[in-house]
DNA sequence: AGAGTAAATGACAACGTTTGCAGTGCAATC
DNA sequence: GATTGCACTGCAAACGTTGTCATTTACTCT
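Residue numbers (our numbering), protein chains in the order written: chain C, 1 to 360; chain H, 361 to 720.
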């Protein structure tokens, strides 16, 4: 049977406390905040704190915000998508943001942004709750004009590189951009495969509209071209950053007689799908085919075989984004050094890759 | 080279707009909000909206909050843990919360709660940002006294059943509790295995301190006991809700000659670990051993073999929690029917289970 | 043209907290 | 004993927006 609960309409405020103790609201205000607490006589302060505790007093945030002009909070804008945490990217980034913010005593808002199919992004932005001191944006891709518009809100704004369309130079955006050095990460990944003796390498890439995907593709091909190992066109497959892309792509590539001996995947999810497809085709990983991922999410070490992959330092990226927003908000008007260089992505070698032709 | 950016210290307010157009602030306020926009003459309204747009005006949230008394936002309290999104539970719940909140125009804050090893929960709660109209709590386990304290803040509060210690009756908490019917979900799961002919069943469970784990354990054993198929004690293994628990547990159980023919796991992650361990031991799933999960996260369908599992309707649970908070906040003082019954968890049959002794 | 009505606008008082300033007392100093 | 200094407290004015109420303006109808 449903029970019923109700909540007092009015909560205790600073004046209620003041009148009940017959002191002025000023005194209560001073006693309640650590910075000014020394101004109040000790016994009186104790009295006030006790009553506040008993009444579960918490200061009206609106009033405080109005008076002080700032609020220690930032908004993270994520895409409106049922399964955003399926991809580990958002979860890991968000987790990093939470930590970085908590360390500074900041509050984190999350806001979903849905771009209606035919409509303007501007319209979608209307619904953004802008009651925070800064924005970290990792939702829908943004054109330079969109960025222009967003930065017009005059709040500290940080973008993740992933939201910029491929080809737009980061420097010219005029807004801090945080991101990972996909290019050298991908180069390292491809280099390892070459070093292990693989030359017949298939590429399972992300969507062509994604900057991350493009940068990684370029990194892979840079290295492979240099040694004349560019994959034949039908071995270069693009799709979403999902296990399904890996499954379908690997299934197609591994069905032929002269199949690739290694698969270089643009995300861990794709790699997982590829490993499963290989297994379904009766091939073992890494004995029959090596698989390389990209991201190093929590599953990479927990799956089987443990995935060789490129570590995206997303927590560090988030830390950098939060740090900028907090700095900028704390020093309004003054100019802040914006983070501009990418964080490097290191190779993590585990069990899903093996030297070509090496014994079991 | 690092570039530098800066932000205007003061943002345009409603009075700036008013004076520049030589109208009163009241008119601007009315023109700016859809509900009252019809009160101002069309041409003037357009003038105002245009200028506001040009100035990137957005109303001071503090002032608005102070004036209106409410703010359409709620806080989700999650544990302070580097890898919270590794477990799919939080990601899926949060995603559901975001949707439910967005549908109502509400804003979502996220707050991490870290209980210092020896210290009181009260202390940790001090750092909670309470500037929202409601709380959805899914962090550290709460004793009834803790709940008492939390509800003293006189804000709408919803708990997930998982945070209550096993044995505490939901009814007596006096606070709305949302959750999943673990008991019947687990019963259905065990029934399926029996129905497939399995009687030698191993149980890979969650931590004994977790209510979810205890309820699921009870559900499994209820059914197995009824037909005299209670697993021998060494086949009942408890651990964290992680792949490692599944890996280690399955490795131990499957190493013996008279191994179980089916493994019933208390979470998808455990099941994934178990499948990998089976594979490492040279056993195939589902041919040699059936594996049952619990949760039906996004990976359940994407992994290989696709996992038979119990679907936790976390999005619905979140929807229910948000719905309660919003209702309670919108009708302060009045009593709201609190959700009390669990949402049912349905079996999803995929490829990781098979009838005992069935042909390949 | 004047009365009567409806539409549009302005003046003003909240909302709860913080803070500069102007007091009070009270002890210490010359 | 008058004066200075110090510790503490109260007064009152912000902060930016919204809603009530009163007032002005525009319009319709005899």
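Beta carbons are placed, not taken as given, at the ideal position from N, Cα and C, and that holds for glycine.
Just so it is clear, the structure is predicted and the values come from calculations on it, not from any experiment.
Residue environment for residue 665(H): buried (at least 16 other C-beta atoms within 10 angstroms of its C-beta).
Taking 8 Å as the threshold, the shortest C-beta distance from residue 298(C) to chain H falls below it. Neighbours of residue 472(H) in chain C, taken as residues whose beta carbon is under 7 Å from its own, are 98, 102 in chain order. DSSP places residue 562(H) in the strand class (E or B) of the three-state scheme. Going by beta carbons, residue 669(H) and residue 628(H) fall inside the 8 Å limit. For residue 108(C), the nearest CB of chain H lies under 8 Å from its own CB, placing it at the interface with that chain. Beta bridge pairing from DSSP links residue 496(H) with 436(H), 518(H). Three or more Cβ pairs closer than 8 Å define a contact, and the stretch 194-204 of chain C meets that threshold against the stretch 225-239 of chain C.
A residue is called buried once 16 or more other Cβ atoms fall within 10 Å of its Cβ, and residue 83(C), having fewer, is exposed. Residues of chain H whose Cβ lies closer than 9 Å to the Cβ of residue 131(C) are, in chain order, 418, 419, 420, 421, 422, 424, 425, 431, 433, 467. Assigned with DSSP and collapsed to three states, residue 316(C) falls in helix.
The stretch 269-276 of chain C makes contact with the stretch 242-255 of chain C: 3 or more CB pairs, one atom from each, lie closer than 8 Å. Close to residue 83(C), with beta-carbon spacing below 8 Å, are these residues of chain H in chain order: 455, 658. Burial state of residue 353(C) is buried, judged by a 10 Å Cβ sphere holding 16 or more other Cβ atoms.
Per DSSP, residue 441(H) is not a residue of any alpha helix (DSSP H), being assigned neither H nor E. Residue 513(H) belongs to the set of residues whose beta carbon lies under 8 Å from a beta carbon in chain C. Contact note: residue 451(H) reaches chain C through 85, 91, using a C-beta cutoff of 7 Å and chain order. For the options 548(H), 569(H), 612(H), 677(H), the alpha carbon positioned closest to that of residue 584(H) is the one of 548(H). The bridge partners DSSP lists for residue 470(H) are 108(C), 436(H). Annotated three-state conformation of residue 671(H) is strand, per DSSP. A buried status is given to residue 635(H), since no fewer than 16 other beta-carbon atoms sit within 10 Å of its beta-carbon. Near chain H, meaning a CB-to-CB distance below 7 Å, the residues of the stretch 274-296 of chain C are 276, 279, 280. Taking C-beta atoms under 8 Å as the contact rule, residue 294(C) and residue 250(C) fail to qualify, at a distance of about 15 Å.
Taking 8 Å as the CB threshold, residue 320(C) stays off the interface with chain H. Contacts between residue 11(C) and chain H, judged by CB atoms closer than 9 Å, involve 513, 514, 515 in chain order. For residue 651(H), the beta-bridge partners assigned by DSSP are 623(H). For residue 598(H), the enclosing beta strand (DSSP E) has its first and last residue at 596-598.
The three-state reading of DSSP puts residue 386(H) in helix, counting H, G and I together. Between residue 328(C) and residue 134(C), the gap from beta carbon to beta carbon is short of 8 Å. Taking all protein chains shown into account, residue 259(C) has 16 or more neighbouring C-beta atoms within 10 Å of its C-beta and is therefore buried.
The beta-carbon of residue 303(C) is placed less than 8 Å from the nearest beta-carbon of chain H.
Between residue 63(C) and residue 49(C), the C-beta gap is not smaller than 8 Å, which leaves the two residues out of contact.
For residue 603(H), the chain C residues whose C-beta falls within less than 7 Å of its own C-beta are 302, listed in chain order. Nearest in C-alpha terms to residue 682(H), of all of 421(H), 453(H), 480(H), is 453(H). Residue 67(C) counts as exposed, since fewer than 16 other beta carbons sit within 10 angstroms of its beta carbon. Between residue 40(C) and residue 25(C), the CB-CB gap reaches or exceeds 8 Å.
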